[in-house]
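What follows is one structure encoded as structure tokens, with my remarks underneath.
Okay, here's the thing in structure tokens:
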């Protein structure tokens, strides 16, 4: 049991010491977004800055604050890319149309319709060591801040 715990801790330490997922999303957007594009970042609360990827010069950023429970339609209408962090997409995956927030339900319905956006990148850094995935052992809310997953959607042309 001690060796298993040590292996899981080592895998977790490798994630912490490795490249930050938020920065990796920013790098991907730097290659995919063009000057004049708008990237919308979904947040549960206005101060969730730690889920916002860095954007290159000329690319505008807009926040969609689901905590306000306002319809995200106007921000989505301007967005060329949409960044959805793991706490949001896990809630959408789990609750879907039963989600208690109307803003989150609206976002989920728009993404599920596949009418305007398509999934372009799904990123979750694996917590692995020697081919063994320890990720299932790290599911708490705090772990989403240390190793958040992201889904990036691109507007269909």
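Numbering (our numbering), first residue to last: 60 to 216.
C-beta: ideal position from N, C-alpha, C; glycine also.
On a predicted model such as this, the values are computed, not experimentally measured, just so you know.
Taking a contact as a CB-CB distance under 8 Å, the pair residue 82 and residue 98 does not count as one, their CB atoms being some 14 Å apart. Of the residues assessed, residue 174 falls on the exposed side of the cut-off, its CB having fewer than 16 other CB atoms within 10 angstroms. In this structure, residue 213 lies near residue 179, with their beta-carbon atoms less than 7 Å apart. Secondary-structure assignment with DSSP links residue 214 through a beta bridge to 176.
Contact annotation, residue 118 with residue 80: C-beta distance approximately 19 Å; criterion of less than 8 Å not satisfied. Around residue 156, the same chain offers 164, 167 and 168 as residues with beta carbons nearer than 8 Å, after the five sequence neighbours per side are excluded. The Cβ atoms of residue 141 and residue 176 sit closer than 7 Å to each other.
Residue 181 sits in a strand when the DSSP states are folded into three classes.
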